[in-house]
Amino acid sequence: MNGAVGSDRRIAHHAASRGAPDTGHLPQRPRVVVVGAGIAGLTAATALAERGVEVEVLEREAHLGGRVGGWHERLDDGTGIAMNRGFHAFFRQYYNLRRLLRRTDPDLQRLTAVDDYPLIDGEGRRDTFRGIPNTPPWNALVFALRSPTFRLQDLVRIDVRAAAPLATVSVPEIYDRLDDVDAQTFLQRIRFPEAANHLAFEVFSRSFFAPPAGMSAAELATMFHIYFLGSAEGLLFDVATGNFDTTLWEPLGRYLAGHGARIRTSTAVTGVELGGTRTFRVHDGTGGSIDADGLVLALDVAGLRALVDASPDLGDPGWRSRVDRLRSAPPFLVQRLWLDRPVAADRPAFLGTGGLRPLDNVSVLDRYEEEARAWTRRTGGSVVELHAYAATGDAVGGAHSPDDVRAQVLARLHAIYPETAAARVVEERTLWRQDCPLFGVGDFARRPTVRTPHERLMLAGDGIRIDLPVALMERAATTGWHAANSLLAQWGVAGHDLYTVPTQGRSPVLRRLAALERHPA
259 MNGAVGSDRR
269 IAHHAASRGA
279 PDTGHLPQRP
289 RVVVVGAGIA
299 GLTAATALAE
309 RGVEVEVLER
319 EAHLGGRVGG
329 WHERLDDGTG
339 IAMNRGFHAF
349 FRQYYNLRRL
359 LRRTDPDLQR
369 LTAVDDYPLI
379 DGEGRRDTFR
389 GIPNTPPWNA
399 LVFALRSPTF
409 RLQDLVRIDV
419 RAAAPLATVS
429 VPEIYDRLDD
439 VDAQTFLQRI
449 RFPEAANHLA
459 FEVFSRSFFA
469 PPAGMSAAEL
479 ATMFHIYFLG
489 SAEGLLFDVA
499 TGNFDTTLWE
509 PLGRYLAGHG
519 ARIRTSTAVT
529 GVELGGTRTF
539 RVHDGTGGSI
549 DADGLVLALD
559 VAGLRALVDA
569 SPDLGDPGWR
579 SRVDRLRSAP
589 PFLVQRLWLD
599 RPVAADRPAF
609 LGTGGLRPLD
619 NVSVLDRYEE
629 EARAWTRRTG
639 GSVVELHAYA
649 ATGDAVGGAH
659 SPDDVRAQVL
669 ARLHAIYPET
679 AAARVVEERT
689 LWRQDCPLFG
699 VGDFARRPTV
709 RTPHERLMLA
719 GDGIRIDLPV
729 ALMERAATTG
739 WHAANSLLAQ
749 WGVAGHDLYT
759 VPTQGRSPVL
769 RRLAALERHP
779 A
């Protein structure tokens, strides 16, 4: 079974509840409303519709995919262009997300491998993931030995006992140990080399849309487990071969329709009350309502808080307080540029940066995205995308506005890819958003879980707590499967199995070191 999911022989299999194959045995077919058509909502809808549940998905945007959505616009010359909110890495250990994508793409042919994602810092030092072994701990060891940011004296200075939690992650226990410490303090405590912070940790921590000083050390340790020492899937990843709408979500929308699900875009939910002809009555912005036996709220932080605030029937005071205390990460910027000339041929598809704030990464879209490649074939130019995470205040050198950040990331691009300084910008699109969850210090214990005080109300999304080693897009997909499973079990219907990287560190030696750190002799 695991071989069909991934290549790691130690994939953790989390079996779902057994039961009837579908809802055909029930006197009435259950109806579930899923609010939000991002990864979490589409996953929950798929899991339910496949088991014969009547599903209705309500999405406030005009497109599917949420923060991984895509749409099309037109340049000033009338040329159609593909747009989305920026680069996303589909790691091989995203088992539950990839199982969703296989519903319409069994061999994942609409993803393509990135053969490397080099990292550079402000001193010009460069790290690479090409040729690194897949198996822990050799992957991290070879990376460290090859890296110009690790010196022998730095490695010797690391407090191995204090650093042991990085290699012995167990969820949720790691949060009991480290969630009250910020990632930056933890790295200082273990005497991790400052130069290596930029490349080995900051690049990844900022992928959670927060600087290390604002991020939980437990989240950092879990990230290290998922991508380095907990998985043998390797450190490289896949990217979508085309814009997310046409490549990923429109095919899934058709798949859901084939299973009887109804998807309504451009339809915001304004409130939920208990009762009606079933369990819940869901009101939408058109003035209509729908009664449902079950409800999955798969919204971003602000959307969930607003909907719960507008729905006084939902939950108890403690649960409502946990929802209200969810926080969004600082804003981020995505700048996409259509240039009149190509970037140098040796530029990678993706480049991560550390210590070059506010710039966090550069993507050359025509290296892998079909729509961008078609534009460059026609014009001889290139399509380049810049990202700045946690893009305000001291985190980005004092920049406070989108225009400030935009100017700074563009200057960084010209410095690291000098050929772009002379290029004419044919067209530009800039997105400034603040809708990603913050994984701050102490947040884990008070974060709402998939299950809620109402047995038929579930939450899903990358900001929702689930006690498994998953993150980012994979956390969204996993909570979606889990939300559906929790409803299906109530109707005696079989759920969908889940898979993760191993739930604890792989090395017995390092686990013993961690035990000594917790209980010194």
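Residues 259 to 779 in the working numbering are what the sequence shown spells out, letter by letter. From the three backbone atoms N, C-alpha and C, an ideal C-beta is built for every residue, glycine too. Predicted, not measured: the structure shown is a model, and the values here were computed from it.
* For Gly700, which of helix, strand or coil comes out of DSSP? -> coil
* To do: Report yes if the CB atom of Ala398 is closer than 9 Å to the CB atom of Val439, and no otherwise.
  => no
* Report yes or no: do the region 548-567 and the region 339-347 share at least 3 C-beta pairs separated by less than 8 Å? => no
* Do Ala314 and Ile521 have their CB atoms nearer than 9 Å? -> The question names Ala, but residue 314 is Glu in the sequence shown. For Glu314 and Ile521, yes; Cβs fall inside 9 Å.
* May I have the straight-line CA-CA distance separating Arg578 from Leu572, to the nearest angstrom? => 8 Å
* **Nearest to Phe702 (by Cα), restricted to the options Leu726, Ala681 and Pro766** => Leu726
* Under 9 Å between the Cβ atoms of Tyr757 and Ile269? -> Result yes, Cβ atoms of Tyr757 and Ile269 sit closer than 9 Å.
* **For Ile521: DSSP bridge partner residues** => Beta-bridge pairing links Ile521 to Val315.
* Asked: Is the region 600-617 close to the region 672-681, with three or more CB pairs under 8 Å?
  -> Flag = yes, the region 600-617 and the region 672-681 touch.
* Pick out the complete beta strand (DSSP E) segments inside the region 576-615, 3 residues or longer, and give them in chain order. => 590-597 and 608-612
* Asked: Going by C-alpha distance, which of Leu671, Val581 and Arg764 is nearest Arg709?
  -> Out of Leu671, Val581 and Arg764, Val581 has the C-alpha closest to the C-alpha of Arg709.
* Pro423, DSSP secondary structure in three states -> helix
* To do: Report the three-state DSSP secondary structure of Val622 (helix, strand or coil).
  => strand
* Asked: Thinking C-alpha only, which one of Pro711, Phe495, Leu436 and Trp690 is nearest Arg325?
  -> Restricting attention to Pro711, Phe495, Leu436 and Trp690, the CA atom closest to the CA of Arg325 is found in Trp690.
* Identified DSSP bridge partners for Arg332 -> Note: Arg332 sits in a beta bridge opposite Gly338.
* **Opening and closing residue of the beta strand (DSSP E) in which Asp558 lies** => Looking at the DSSP string, Asp558 is not in any beta strand (DSSP E), and its letter there is neither H nor E.
* Asked: Going by other Cβ atoms of all chains shown within 10 Å of its Cβ, with 16 needed for buried, is Gln666 buried or exposed?
  -> buried
* If you run the structure through DSSP and keep just helix, strand and coil, what is Arg415? -> Assignment of Arg415 by DSSP, reduced to helix, strand and coil, places it in the helix class.
* Asked: From the DSSP output, which residues share a beta bridge with Tyr757?
  -> His271
* Mark Tyr647 as exposed unless 16 or more other C-beta atoms lie within 10 angstroms of its C-beta, in which case mark it buried. => buried
* Among the residues of its own chain, which have a CB less than 8 Å from the CB of Met206, if the five just before and after it don't count? -> The question about residue 206 has no answer, for the chain in this structure spans 259 to 779.
* **Environment of Gln446 [buried if 16+ CB atoms lie within 10 Å]** => Exposed, because fewer than 16 other Cβ atoms sit within 10 Å of the Cβ of Gln446.
* **Contact set for Gly277: own chain, Cβ-Cβ below 6 Å, skip 5 residues either direction** => Counting only Cβ-Cβ distances below 6 Å, and skipping sequence neighbours, we find Gly750, Val751 and Ala752.
* Nearest-angstrom Cβ-Cβ length linking Gly344 and Phe502, presumed shorter than 8 Å -> 10 Å between Cβ atoms; not a contact.
* To do: State the Cα-Cα distance for the pair Pro470 and Asp662, rounded to the nearest angstrom.
  => 22 Å
* To do: Let me know if Thr634 comes out buried or exposed under the rule of 16 or more other beta-carbons within 10 Å of its beta-carbon.
  => buried
* Give the secondary structure of Ser659 by DSSP, where H, G and I count as helix, E and B as strand, and everything else as coil. => coil
* Asked: When the Cα atoms are used, what is the spatial distance from Ala632 to Asp624?
  -> 8 Å
* **C-alpha distance - Ser405 paired with Thr537, whole-angstrom precision** => 57 Å
* **For Ala649, the nearest candidate out of Arg704, Val622 and Ser586 (CA to CA)** => Ser586
* Which value, in whole angstroms, describes the spacing of the CA atoms of Gly655 and Ala747? -> Bear in mind that a pLDDT of 45 at Gly655, under 50, signals an unreliable position, so the model cannot answer this.
* Could you have a look at Ala490 and say whether DSSP puts it in helix, strand or coil? => DSSP places Ala490 outside both helix and strand once states are collapsed to three, so it counts as coil.
* Asn392 versus Arg289 - alpha carbon distance -> 44 Å
* Does the ligand GDP have even one heavy atom less than 8 Å from the beta-carbon of Leu671? -> The ligand GDP is not among the ligands present in this structure, which contains no ligands whatsoever.
* Sorted by chain position, which residues of the same chain lie with C-beta nearer than 7 Å to Ala303's C-beta, five sequence neighbours on each side aside? -> Val292, Val313, Val315, Leu514 and Ala519
* Asked: Who are the Cβ neighbours of Ala295 in its own chain at under 6 Å, not counting the five residues just before and after it?
  -> Val315, Glu317 and Leu322
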